[in-house]
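Colleague:
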Amino acid sequence: MNYVVSNKYKSQNFDNRTKNTKIKYIIIHYTETKNLTEAIKLLSSSKRKVSCHYIIDTKGKIYNLVQENKRAWHAGISSWSGDLNLNNRSIGVELVNKGELSKNNYKVKQIDSLIKLIIDLKQKYFIKDWDILGHSDIAPERKIDPGIFFPWEKLSNYSIGLWYNLDKESLKESLDKGLEKIQLIDLYSCLKQIGYSKINLKKKNGLNLLIINSFHRHYIPKLLGKKPTVESLIVARNLLKIKKNHIDFSFK
Ligand SMILES: [Zn+2]
């Protein structure tokens, strides 16, 4: 470990993890606060009943608020790949940031510390690249953090999170074309297999739109709030292919 973790602040907002459940996920959040002090106040307030395991300030300093073997309350009602209520199986990391709506970029030092922390946690708990997710991925109907300014692509260079790798051939297609019905179903199916398990394959509904928004927010921010396009489908297919290849490889 080549970084320091401060134990200056602690939160009592935690309980026991269900017995014999392994830690499988890392969930990334932003605090939506002006600074660390405000965030600590919220994450340790007995009234709010929220917390996280780690919080990283804008200078890159890492603080541990809840022991990893305890269940911190950061994810709320959530789902991924058939797993429900992800607090039980995850480590929650908060980044001090004012939020997507304030157009607040993350600081380089803060992201560097996050990368070091996650590399460590990944090794410790054998967490898969694609099981490192944003709050918005696992709770698309309620949450937008860590938002469009979170550098998922940069993190993917450190095997953190799932990312796509498109060849020039696939980019030749007219990317901003809307989707035919059959292509839309294909997109839904890819998203479901990637992990957005609540998507409805049979019909368009409000939740599907929120899930597509969440997918765009994470992978194609320029399409946020817009209808899915051929690019959405190509990216989703590519992500699924990469995830499947990794899984096949790890079983060999
Ligand atoms: Zn969150």
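Each residue of the sequence shown is one higher than the one before, counting from 852 in my numbering. Ideal Cβ placement from N, Cα and C applies to all residues, glycine included.
1) Please state whether DSSP places PHE865 in a helix, a strand or coil.
2) If we ignore side chains and look at the alpha-carbon of each, how far apart do ARG868 and ILE1036 end up?
3) Alpha carbon to alpha carbon, how far is ILE1031 from GLU992?
4) Would you mind giving the Cβ-Cβ distance between HIS986 and PRO997, rounded to the nearest angstrom? I have them listed as a contact below 8 Å.
5) So the beta strand (DSSP E) ARG1068 belongs to, where does it begin and stop?
6) Classify GLY933: buried if its beta carbon has 16 or more other beta carbons within 10 angstroms, exposed otherwise.
7) Between the region 910-923 and the region 1006-1020, do at least 3 Cβ pairs fall closer than 8 Å?
8) Does the beta-carbon of PHE865 have 16 or more other beta-carbons within 10 angstroms, so that it is buried, or is it exposed?
9) Can you grab the Cα-Cα spacing for the pair ILE906 / ILE1062, in whole Å?
10) Nearest-angstrom Cα distance between ALA890 and LYS958?
11) If you run the structure through DSSP and keep just helix, strand and coil, what is ASN920?
12) Could you name the residues, in chain order, whose CB is less than 6 Å away from a heavy atom belonging to ligand 1?
13) Which word fits LEU935, buried or exposed, when buried means at least 16 other C-beta atoms lie within 10 angstroms of its C-beta?
14) Starting from ILE874, trace the alpha helix (DSSP H) both ways and give me its first and last residue.
15) Would you identify the three-state DSSP class for HIS880, choosing helix, strand or coil?
16) Which residues bound the beta strand (DSSP E) around TYR957?
17) Go through its chain and collect everything with a Cβ distance to TRP981's Cβ below 6 Å, but skip five positions before and after it.
18) Which value, in whole angstroms, describes the spacing of the CA atoms of ILE966 and HIS1097?
19) How about TYR1039 and LEU968: are their beta carbons less than 8 Å apart?
20) Compute the distance between the beta-carbons of ALA926 and ILE1011, then report whether it is under 8 Å.
21) Flag this pair as touching only if the region 870-877 and the region 941-951 have three or more C-beta atom pairs under 8 Å; answer yes or no.
22) For the putative contact between TRP924 and LYS892, defined by C-beta atoms under 8 Å, what is the C-beta separation to the nearest angstrom?
23) In the structure shown, what three-state DSSP assignment does VAL856 receive?
24) Does the Cβ-Cβ distance between THR872 and VAL947 come in under 8 Å?
25) Is HIS904 near ligand 3, with its Cβ less than 7 Å from a heavy atom?
Modeller: Taking the definition as stated:
1) strand
2) 37 Å
3) According to the sequence provided, residue 1031 is Glu. The question's Ile does not apply to it. Approximately 25 Å, taken between the alpha carbons.
4) 7 Å
5) Per DSSP, ARG1068 belongs to no beta strand (DSSP E); it is in the alpha helix (DSSP H), 1057-1070.
6) exposed
7) no
8) buried
9) 26 Å
10) 17 Å
11) coil
12) HIS880, HIS986, LYS994, ASP996
13) exposed
14) Premise fails: ILE874 is in no alpha helix (DSSP H) and is neither H nor E.
15) strand
16) No beta strand (DSSP E) contains TYR957, which DSSP labels as neither H nor E.
17) LEU1013, LYS1094
18) 21 Å
19) no
20) no
21) yes
22) Wrong, their Cβ atoms sit about 16 Å apart, outside the cutoff.
23) strand
24) no
25) Ligand 3 is absent from the structure shown, which contains only ligand 1.
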